[in-house]
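Here the structure comes first, spelled out in structure tokens, and everything after it is commentary.
In the numbering used here, the protein residues as written are 137 to 227.
So this is what it looks like as structure tokens:
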């Protein structure tokens, strides 16, 4: 799931996943962090989910995916669109 907060010149996007699916550490990787795993690792929230917030420039389109333990790549069904294997996010 994606949560968004619009700010004056940026959009804060929170990437949210269940707390245990998939198991182990998960990071969101995309063009906004040069596709570097571990840069934006999801952390537990009080409601049992896990999340990470990324500040992105407004009025842009970004590609992203999730990377879990064991080199398991997966997409977000709530992405604005998909471009091949990548999710697309419009800020």
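All residues carry an ideal CB built from backbone N, CA and C; glycine is no exception. Just so you know, these numbers come straight off a predicted model, no measurement behind them.
Check                                                                                                                                                             : Outcome
Using DSSP bridges, identify the partner residues of residue 222.                                                                                                 : 219
Take the Cβ of residue 208 as the centre, count every other Cβ of all protein chains shown within 10 Å, and call the residue buried at 16 or more, exposed below. : exposed
Let me make sure I understand the geometry here. Which of 143, 214, 189 and 157 has the alpha-carbon closest to that of residue 169?                              : 189
Nearest chain C C-beta to residue 208 closer than 8 Å, yes or no?                                                                                                 : No chain C is part of this structure, which consists of one protein chain only.
Considering only the alpha carbon of each residue, which of 156, 142 and 195 lies closest to residue 224?                                                         : 195
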